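From first to last, the protein sequence lines stand for chains X and D. Going by my numbering, the residue at position 181 of the first sequence is 1425; the numbering climbs one at a time, nothing skipped. Going by my numbering, the residue at position 170 of the second sequence is 176; the numbering climbs one at a time, nothing skipped. Think of the CB as a built atom: it goes at the ideal place given N, C-alpha and C, for glycine as much as any other residue. Note that the structure is predicted; figures quoted are calculated from it, not measured. Read through the structure below, which is laid out as structure tokens, and then see the notes.
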Amino acid sequence: MIWDLLMLQAMNGLVWGLIIALIALGLSIIFGLLDIVNVAHGELFMLGAVLGWTSITVFGWVYGIFWFSLLIVPFILFVFGMGIERWVLRKIEDNASLSIVATFGLSLIFQEAVRATFGAAPKRVLPPIETTVRLFGFDYSTYRFVAAAIAAVAIAGLFLYLHKTQFGTWMRAVRQDREMATAMGIPTDKIFMVTFGVGAGLAALGGVAATPITTVEFTIGTQMLPTTFIAVIIGGLGNLLGTVAAAILVSEMVGIASVFMTPTAATVLSLVFMAVVLQVRPEGLFTRRRR
Amino acid sequence: MGKYGLPFVGFILLAVPPFLKDYQQIFLAEILIWGLFAAGFDLVFGYTGMLSFCQALFFGAGAYGTAYSIFFLKAGIWTSVGFSFLVGALLAFFVGYVATRMSGHYFLIITIVFSVLICLVLQSGHWRWLTGGYGGKPLPTPTVPLGFTTLSFMNELVSYYFVAFFVGLTYFLSRLIVRSQVGIVLQCIRENEMKARLIGYNIERVKLAIFVFAGGLSGLAGALYSLLIRYTNLAFFEWELSGRAVVWTLLGGAGTLIGPFVGAALFWVSSELLSTSFRSFPIIFGILLIVVVIAFPEGIVGYLKNYFRSVETNIITDR
């Protein structure tokens, strides 16, 4: 009995870990390039979920609308994110504290705009695939596997993009040495815009993928924020592979811990875990120590 | 503001309230409390350069500390206010012990994580013994024993002067700190942490100390607020409130002691005027924040200071 519960929580932990990794990766690439912590990142995830929910309910359960919104919503947020970088953050990008405060202002605007239009009541949709899979002696929703697969493919896609395309290489170059990159003729401004856009798009993709397995409301962005931040910190700021690993680790830890204790105690556990990791390895669990 | 600015403002805040209506006295007291709350943040960010998003934790802790000391310890009002300062400072010590060892963005992220998670834990309702449900028990009307006589909060003017006393006290205490050797070290850390370290200051200890003191100030603000409105609420812990401290400070002018008070006053007055016509006030609030950050990053007080300074230098160069 407890074995079944453990396996179930482990599976849930994996699914959510991959989705959180998606959000955390966006946060991490924005941090690596623009040197700011995007406090509004949880809200971008929330916007993705809300737009996903809206497209499903407005267009009804027409076959394929969900898969379509899985492409179109991240694209909308991608363009939107580029706009934010261009019109809000560009002017103050040399002052990190002010930029962070500006993103806090954005998060207020997004939350309130969604509450005013979408409503404050939590909403749900049925998963687009309603079958279950027999797994280790219990039935597990097929859609959750699909959501995990979507997140995994997107993560793999990001790494391919960063390492195999010209633009991705440029992004890594600007991150290493901005002045040198500019001197080599890399369009730094454009790179900044696209990076913020990609970060926003990743969060939105996570939001759409999570829509059928969570309740959609205007506060889920804030609820998501701590775990995402813990993942980013434990993985090491700017360490992308470490971030993915840490996201899955933290999510699994909270999931499995909540079999044995209340969810509240599991939350506290993750907080204590973060504090301990910071004392022992302040540079992150998966970052090689500098000699 | 010049040499006479501060005594002048102080005089107005002491002499005018008796001529105001009772709800205006309460409104003014609230502004002073929110200014004090933001001033705690200003010491941490404006002077030391640590962007903290968890000031509301200490505010909430102070408010609940007051309620606890009144209900369980049967404490008088002076003890309970002092107690809440200690509670705020103690919580700030735990958060700060983890957070202030890290610099820059790590510090910010850690304060956000603590802020959101502690709030989630308290609001989840699993640990009711800690907070006694979402809305706390209403507080009895506080009385202020002065030795020769006892005054009651039933009179709004008494509560106003009670608040003004503590706000004034902590204002001068902060002023003393900021202008002392410690204050210079704080600003040195803000400008260049590495240099401050190389000079030989123990910056971890200085940062933790100012963080704890600021936590105490926020706790005190929480205590005064809960005494003024006579209830405690878990919403006091929410990180949106921490964000408000950030906004008021930046609006008024970070790195000036009077700035947070100016920012809070401006915010509440405009909120009173606008919230009747706009239902979604937070949107305006967010837009205002972005405009301030882009157009007046030094805030109102900072802007005025620079303005007058440049006028003065112009006069000098003209001669």
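Kindly identify the DSSP beta-bridge partner or partners of residue i.
| i | result |
| --- | --- |
| K1367 of chain X | X:V1460 |
| D1383 of chain X | X:R1378 |
| N208 of chain D | The partner list for N208 of chain D (beta bridge, DSSP) is empty, contrary to what the question assumes. |
| L157 of chain D | D:V150 |
Kindly give me the distance between the Cβ atoms of residue i and residue j, rounded to whole angstroms, as I take these residues to be in contact under 8 Å.
| i | j | result |
| --- | --- | --- |
| A1444 of chain X | L1321 of chain X | 5 Å |
| I76 of chain D | L157 of chain D | Not really, about 17 Å apart at Cβ, beyond 8 Å. |
| V299 of chain D | G259 of chain D | Contact doesn't hold; Cβ gap of about 13 Å is too wide. |
| L57 of chain D | F65 of chain D | With a Cβ gap of about 17 Å, L57 of chain D and F65 of chain D do not count as contacting. |
| H1285 of chain X | A1454 of chain X | With a Cβ gap of about 14 Å, H1285 of chain X and A1454 of chain X do not count as contacting. |
| I1274 of chain X | I1280 of chain X | 7 Å |
| V252 of chain D | F47 of chain D | 6 Å |
| G269 of chain D | G292 of chain D | Going by Cβ atoms, the distance from G269 of chain D to G292 of chain D rounds to 15 Å, so no, they are not a contact pair. |
| I330 of chain D | T54 of chain D | Residue 330 of chain D is absent from the model: chain D starts at 7 and stops at 325. |
| F219 of chain D | L49 of chain D | 7 Å |
| G1480 of chain X | G1528 of chain X | 2 Å |
| V1369 of chain X | P1456 of chain X | 5 Å |
Report yes if the C-beta distance between residue i and residue j is below 8 Å; otherwise report no.
| i | j | result |
| --- | --- | --- |
| A1254 of chain X | G1450 of chain X | no |
| C60 of chain D | S232 of chain D | no |
| S121 of chain D | L63 of chain D | yes |
| R1419 of chain X | T1432 of chain X | no |
| L126 of chain D | T1511 of chain X | yes |
| G1257 of chain X | S1495 of chain X | yes |
| E244 of chain D | Q31 of chain D | no |
| R1288 of chain X | A1395 of chain X | In the sequence as presented, Arg is not what sits at residue 1288 of chain X; that position holds Leu. The answer is no: Cβ separation not under 8 Å. |
| M1326 of chain X | V1476 of chain X | no |
| G228 of chain D | G68 of chain D | yes |
| L257 of chain D | F273 of chain D | yes |
| L223 of chain D | A73 of chain D | no |
| P1372 of chain X | S1385 of chain X | no |
| I1399 of chain X | W1414 of chain X | no |
| A95 of chain D | G221 of chain D | yes |
| E1329 of chain X | F1411 of chain X | no |
| V1358 of chain X | M1468 of chain X | no |
| L1269 of chain X | L1484 of chain X | yes |
| I37 of chain D | A271 of chain D | yes |
| L280 of chain D | I290 of chain D | yes |
| T1471 of chain X | I1264 of chain X | yes |
| L42 of chain D | L226 of chain D | yes |
| G1381 of chain X | L295 of chain D | no |
| L1250 of chain X | V1503 of chain X | yes |
| S277 of chain D | F267 of chain D | no |
| S1341 of chain X | L1333 of chain X | no |
| P179 of chain D | L1515 of chain X | In the sequence on display, residue 179 of chain D carries Leu and not Pro. In this structure, L1515 of chain X does not lie closer than 8 Å to L179 of chain D by Cβ. |
key: Short-range partners of chain D found in the region 1499 to 1515 of chain X, where Cβ spacing is below 9 Å   = T1506, P1507, T1508, A1509, T1511, V1512, S1514 and L1515
key: Stretch-stretch touch, CB-based, cutoff 8 Å, three pairs: the region 18 to 35 of chain D with the region 198 to 209 of chain D   = no
message = Check whether the region 1452 to 1465 of chain X and the region 1364 to 1372 of chain X touch, using three or more Cβ-Cβ pairs below 8 Å as the test.
response = A contact is defined here as three or more CB-CB pairs under 8 Å, and the region 1452 to 1465 of chain X meets this definition with respect to the region 1364 to 1372 of chain X.
query = Would you say the region 1489 to 1498 of chain X touches the region 1288 to 1305 of chain X, given that touching needs at least three Cβ pairs under 8 Å?
reply = no
message = If the cut-off is 8 Å on Cβ atoms, which residues from the region 1455 to 1477 of chain X count as contacting chain D, listed in chain order?
response = Those would be T1466, Q1467, L1469, P1470, F1473, I1474, V1476 and I1477, in chain order.
query = So, do the region 166 to 183 of chain D and the region 194 to 201 of chain D have three or more beta carbon pairs nearer to each other than 8 Å?
reply = no
query = Are three or more beta carbon pairs between the region 102 to 110 of chain D and the region 209 to 229 of chain D nearer than 8 Å?
reply = Touching, per the Cβ criterion.
task = Spell out a yes or no on whether the region 76 to 86 of chain D and the region 256 to 272 of chain D are touching, meaning 3 or more CB-CB pairs, one atom from each, closer than 8 Å.
result = no
message = Tell me whether the region 1259 to 1268 of chain X and the region 1388 to 1401 of chain X touch, counting them as touching only if at least three CB pairs, one residue from each stretch, are closer than 8 Å.
response = yes
query = Got a sec: which bits of the region 279 to 310 of chain D sit with their beta carbon under 7 Å from any beta carbon on chain X, in order along the chain?
reply = S286, P288, I289, F291, G292, I293, L295, I296, V299, I300 and P303
key: Within 8 Å of chain D by C-beta, residues of the region 1321 to 1336 of chain X in sequence order   = V1332, K1335 and I1336
request  = Could you list the residues in the region 214 to 233 of chain D with a C-beta less than 7 Å from some C-beta on chain X, going in chain order?
outcome  = none
inquiry  = Please identify, using Cβ separations under 8 Å, the residues of the region 98 to 116 of chain D that lie next to chain X, in order along the chain.
reply    = V104, R107, M108, G110, H111, Y112, L114, I115 and I116
ask   = Along the region 1352 to 1363 of chain X, what residues have a CB closer than 9 Å to any CB found in chain D?
value = For the region 1352 to 1363 of chain X, residues whose beta-carbon sits nearer than 9 Å to a beta-carbon of chain D comprise L1352, I1353, F1354, Q1355, E1356, A1357, R1359 and A1360.
ask   = Which residues, in order along the region 143 to 166 of chain D, keep a beta-carbon less than 8 Å from a beta-carbon of chain X?
value = Answer set for the region 143 to 166 of chain D: empty.
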